[in-house]
Amino acid sequence: GARWPRARQGAAMAGRRRAALALALLQVAPAAGWSRVGHEKVNRIAEGLLKGKRRDQVRTLLHEDLFEAGGWEVAMAGTYPKTEVLHYHHQDPEWTCSTGLGDSSKHIQCDGHGAEQGSLFCGLAFFFDQFAHQQLLENYPAPKEPVNTPKDLEVLRKVPEAELTSTNYLRWLVILLGDLHQPLHWLRGQHDYGKLIKVSYKGSRQTLLEFWEEYLPRQLTAPQAQWLEKEFNEHAMSWDYKSPPELFRDWAREAAEMACEIYQGMEVNHADGSRGIASTYELSEEMYGKWGKLWQTSVSRGGERIAYIMQNVLEHRRHHIANKEGRGHRHHHIKWKENLATNAAVAVLVVPGLLLAFRWHYRFAAAGGKGFFFASKDAVL
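The letter at position 312 of the sequence shown is residue 391 when you use the working numbering, and the numbering goes up by one with no holes.
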């Protein structure tokens, strides 16, 4: 079955990570993923949606507050540059807005065609799998297409074993869930995730990716968690009927559609009848407003979904602990359709028999017998 990785954290390792983060902030080029500010805003929403002991449990597993994990991507990319590929979607051949995300059949799976194993979707599947309890996963409906979760990630082979702990795996999972909701991370295309387009706005010029990674998170206010609680609870009820890897697929398609919405909104008609995006895009106030709304939607979704997956991780952890101690642990992800069918079959056999027995008892008692009860009414009273 799945495993819960060993936790081997110490003060020395925490110090090394803080030093790596400080160095990375000086050395790493911007736009490796959501900026630290962007990740922190997403994580603060998630932290606000986690209540009571759940928030405390996540803090214990991370060895820090959830919002503090926002610097993990920068620290790792600075120390282990090859891990940067995990923050973006890769597939061969590349998808386009006309073909849709995934392979020729629109499948998203870790087979090199729908998604390469060292890419965002497969990284999410891998890190979640480190916490998954197999019996719990079996309670979900079988996926329509296999995920092909990788057994390991090649980009982690150069990372020291002391860094490959449950705490760090959870940090990876949190960061990649945030990147999942950065729409530009899903489409490389001719614009290389937006790195080849310059955006000019109010006298500043930066790449499209930098604009989304750095500028928008610093300029815009993320929604407060309390505004999203009702929406989060409603969404969580619908998410309960799919396994997390299946949800990652759904959310990836959603982010990919948003990426296409961004690019298509930037296109203009050329004299030859074609459409394209200028190498330097002059951003209007109207488009800035549209991007702002898309950014806030992405941040809200990311915060809600990080909170949900953290709750899911805690549930899987409880199953691991209960299984290790030889105890059962019931979960609400039951196979309700199968159980309904079983109960219906039992009812077909049992209910008619009970009705006949009750009818016989009634007739027997009416005829002066004592039915199923051998004590007289006076004795009972």
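The beta carbon of each residue, even a glycine, is placed where N, CA and C say it ideally should be.
| request: Determine whether the Cβ of S114 lies closer than 7 Å to any Cβ atom of chain D. | output: Of the protein chains in the structure, only one exists, and it is not chain D.
| query | Do you know how far the Cα of L266 is from the Cα of A338? | reply | 7 Å
| field | Own chain, CB closer than 6 Å to D151, minus 5 neighbours either side, in chain order | value | The sequence as given places Trp at residue 151; Asp does not occur at that position. The answer, listed in chain order, is R250 and I254.
| message | For E336, which residues in the same chain have their Cβ closer than 7 Å to its Cβ, ignoring the five residues on either side in sequence? | response | none
| Any chance the region 294-308 sits against the region 121-129, with 3 or more Cβ pairs inside 8 Å? | Proximity of the region 294-308 to the region 121-129 meets the contact definition, three or more beta-carbon pairs being nearer than 8 Å.
| request: Tell me the start and end of each unbroken alpha helix (DSSP H) in the region 108-146 that is at least 4 residues and wholly inside, in chain order. | output: Within the region 108-146, the complete alpha helix (DSSP H) runs of at least 4 residues are 115-128 and 131-141.
| said: Tell me the residue span of the alpha helix (DSSP H) that contains Q375. | reply: E364 to K403
| query | Just reading off the beta strand (DSSP E) that R284 is part of, what are its end residues? | reply | S283 to T286
| request: Give the secondary structure of G355 by DSSP, where H, G and I count as helix, E and B as strand, and everything else as coil. | output: strand
| task | Following the continuous beta strand (DSSP E) through V278, name the residue where it begins and the one where it ends. | result | K277 to Y280
| Can you tell which of P239, E240, I341 and L165 has the C-alpha that lies nearest to the C-alpha of A204? | That would be L165, whose Cα lies nearest to the Cα of A204.
| Expressed to the nearest angstrom, what Euclidean distance is found between the alpha-carbon atoms of L362 and H169? | 28 Å
| request: May I ask you to report which of helix, strand or coil DSSP gives N227? | output: coil
| query | Counting Cβ pairs closer than 8 Å, one from the region 127-144 and one from the region 228-242, do we hit at least three? | reply | no
| request: Determine the direct distance from the alpha carbon of I400 to that of A110, and round the result to whole angstroms. | output: Residue placement at A110 is poorly supported in this model, since its pLDDT is 45, which falls under 50; the coordinates are not used for a value here.
| said: Determine whether the beta carbon atoms of C201 and P229 lie at a separation below 7 Å. | reply: yes
| query | Among V347, T376 and Q298, which residue has its Cα nearest to the Cα of F311? | reply | T376
| query | When we look at the beta-carbon of A241 and count the other beta-carbons within 10 Å, is it buried (16 or more) or exposed? | reply | The Cβ neighbour count for A241, taken over all protein chains shown within 10 Å, is under 16; the residue is labelled exposed.
| task | Take Y387 as the anchor and find which of S353, A357, W318 and G368 has the nearest alpha-carbon. | result | Of S353, A357, W318 and G368, the smallest CA-CA separation from Y387 is found for W318.
| query | Which of helix, strand or coil does DSSP assign to Y159? | reply | coil
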